[in-house]
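For the sequence shown, the residue numbers in the working numbering are 2 to 327. Notes to accompany the following structure.
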Amino acid sequence: MSEVHLGCPPNFSGPHISRFTFSLPPEVEPVGCKYTDAVKDEATSTSQVTLDEDGDLVITRRSRRYKNNYVVTIQHNITSSIPSVGLQVWRAELILADFVLHKMVTSSELNGIVAVELGAGTGLVGMLLAREAKTVFLTDHGDEVLENCSANVRLNLEMFHSQASVHVRDLNWNDSWPTKVVENSASQERYGWTREEVEELQRASLIVAADVIYSDDLTDAFFNTLEKLMMQRPEKVAYLALEKRYNFTFDDLNVVANGYSRFRSYLRDGEGDGVESGSLTCFVGKCIDLTEIPQYMREYDRGNDVEIWQIKYEKRKPYLSSAYLD
C-alpha cells in the first residue's frame, strides 16, 4: 500500500483523485502574469521620490510577496498488486517532483529539452517537466497503467507549457531497443511508437525515474534499458529516486532493503577516462544531498529512507588483447 493517501475514504482501494499542491516563489511566475506586472510597476515606482505637503519623504509600502500555489490532479489507486504498482503514488515520486521543481526555480536547464520518464506510473514527474520541456515521453508498460497515465495528462493539460508535446508510450524494459515502430499511422496502436518519436527520444538529454528499484530482476532490466538509451549520447543524465524498503528475508536471515544492493552494484563513484572493457559497471552515480532541495510538494513526509541519484554513462574502453599489450 502506498503511504500517500490524500482525503481517501476509509477502506477504499481506488481509483481515487488526489490534488497535490506545490508552491513556487514569485520570481518563477510566468512572464505576463498579473503578479509579474505588479512587481515591475512596484520596481518602477520605487525609483521615484515622493514628498508630502510638508516636504517629508513618503515611504512606499512594499506589497507582500505571496508564493504562487499550483495544483496537480492525479488519478491513482490506494492499493495495487506488484504488476500494477504504477497505479499508485509513491514517496520517491514526490521527492523527485521536488527535485525537478527546484531545477526550474534555480536554473533554465530544463527549458526546451526532450525528456523521458521511465516507469512513469501516474506521470506526475513527467507532467511537471512539461511546464518547461519541449517534449516529454511518459513511458511504462501495461494497458491499465498507460490508460491511467493518459487520463492524468488530460486532467493537467492547462499546467503544461503552451508548446509542450507529451506522449504516453509503452516501453517494456525486457524488450529490445529501439523498439518496433508502427509504419502505418492509420493502424497505430494507441501507445505504440512512430519512427519520428524514437528518433526524438534518442535525442533526449534528461531521463528520470522514481520508485523502480524493488527487485533484482527489475533492477537488471532497468539498467539494461538505461544503457541502451544512454550509450549513443553519453552526455545524457539520469536522475533516479528510490525509497529503501526493509524486509526480513529467509535467504539472508536478516532485514534487507530489497533491490538496493543490486542497484548500488551498477554504480561506481567518480568520473574517469572510461570503464574497463570487462567491467559490468558503466554508470557513475552520485547521491544528491536532499537537505539542499526544498519541499515544494506539500502533501507528504519525506522520511529518512528516500534517495535521489544522479547517473551518468561512461563508454567502455575498447578491448585490447594481450598480443597488443606486449
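Idealized CB from N, CA, C, for every residue including glycine.
Whole-number beta carbon distance between residue j and residue i, since they are thought to touch under 8 Å
{"i": "M105", "j": "E148", "result": "Wrong, their Cβ atoms sit about 28 Å apart, outside the cutoff."}
{"i": "L88", "j": "V169", "result": "That pair is no contact at about 14 Å."}
{"i": "N225", "j": "W174", "result": "7 Å"}
{"i": "K237", "j": "S206", "result": "6 Å"}
{"i": "L119", "j": "V199", "result": "15 Å between Cβ atoms; not a contact."}
{"i": "T292", "j": "F264", "result": "At roughly 22 Å, the Cβ-Cβ gap does not stay under 8 Å, so T292 and F264 are not in contact."}
{"i": "A239", "j": "L227", "result": "6 Å"}
{"i": "I294", "j": "H103", "result": "5 Å"}
Cβ shell of residue i (< 6 Å), same chain only, five flanking positions each side left out
{"i": "R331", "result": "With the chain covering only 2 through 327, there is no way to say anything about residue 331."}
{"i": "R196", "result": "V182"}
{"i": "K229", "result": "W178"}
{"i": "V32", "result": "The predicted position of V32 is uncertain, since its pLDDT is 37 and thus under 50; no value can be drawn from it."}
DSSP-derived helix/strand/coil call for residue i
{"i": "G127", "result": "helix"}
{"i": "R20", "result": "strand"}
{"i": "E159", "result": "helix"}
{"i": "S166", "result": "strand"}
{"i": "E118", "result": "strand"}
{"i": "N153", "result": "helix"}
{"i": "H142", "result": "coil"}
{"i": "T195", "result": "coil"}
{"i": "A171", "result": "Note on residue identity: the sequence assigns Asp, not Ala, to residue 171. Strand."}
{"i": "K313", "result": "strand"}
{"i": "Y71", "result": "strand"}
{"i": "L88", "result": "helix"}
{"i": "K104", "result": "helix"}
{"i": "A205", "result": "coil"}
{"i": "L111", "result": "coil"}
{"i": "A98", "result": "helix"}
{"i": "E200", "result": "helix"}
{"i": "E308", "result": "strand"}
{"i": "A211", "result": "strand"}
{"i": "T136", "result": "strand"}
{"i": "Y325", "result": "With a pLDDT of only 48 at Y325, under 50, the local geometry of the prediction cannot be trusted, and no value is derived from it."}
{"i": "R328", "result": "Shown here, the chain extends from 2 to 327; a query on residue 328 therefore has no answer."}
Which listed residue (the options) has its alpha carbon closest to that of residue i
{"i": "A210", "options": "I79, S151, V154 and L130", "result": "L130"}
{"i": "V72", "options": "K313, N157, E145 and D270", "result": "N157"}
{"i": "A165", "options": "R196, S262, L111 and L268", "result": "L111"}
{"i": "T107", "options": "I75, L25 and L97", "result": "L25"}
{"i": "P16", "options": "A152, G127, N69 and V126", "result": "A152"}
{"i": "T140", "options": "T180, H103 and L102", "result": "T180"}
{"i": "G127", "options": "D144, V154, G113 and K229", "result": "V154"}
{"i": "Y261", "options": "R246, D270, G271 and R269", "result": "R246"}
{"i": "I18", "options": "D176, L102, I312 and Q76", "result": "Q76"}
{"i": "I79", "options": "T123, D306 and V101", "result": "T123"}
{"i": "H162", "options": "C150, A222, D176 and G113", "result": "G113"}
{"i": "N305", "options": "D290, Y314 and E184", "result": "D290"}
{"i": "D171", "options": "S216, D144, N70 and W310", "result": "D144"}
{"i": "G286", "options": "K313, V307 and N69", "result": "K313"}
Cutoff 8 Å; reference residue i; Cβ partners in own chain excluding five residues on either side
{"i": "K41", "result": "The predicted model places K41 with a pLDDT of 41, which falls under 50 and marks its position as unreliable, so this point remains unresolved."}
{"i": "Q331", "result": "A query on residue 331 cannot be resolved here, the shown segment of the chain reaching from 2 to 327 and no further."}
{"i": "L125", "result": "F21, V73, I75, V90, E94, L95, A98 and N153"}
Neighbourhood of residue i by C-beta, 7 Å cutoff - its chain only, sequence neighbours within 5 removed
{"i": "E201", "result": "V115 and T136"}
{"i": "V117", "result": "F138, T140, L202, A205 and I208"}
>> So within the region 215 to 251, which uninterrupted beta strand (DSSP E) runs reach at least 3 residues, ignoring any that extend past its ends?
In response: 238 to 244 and 247 to 250
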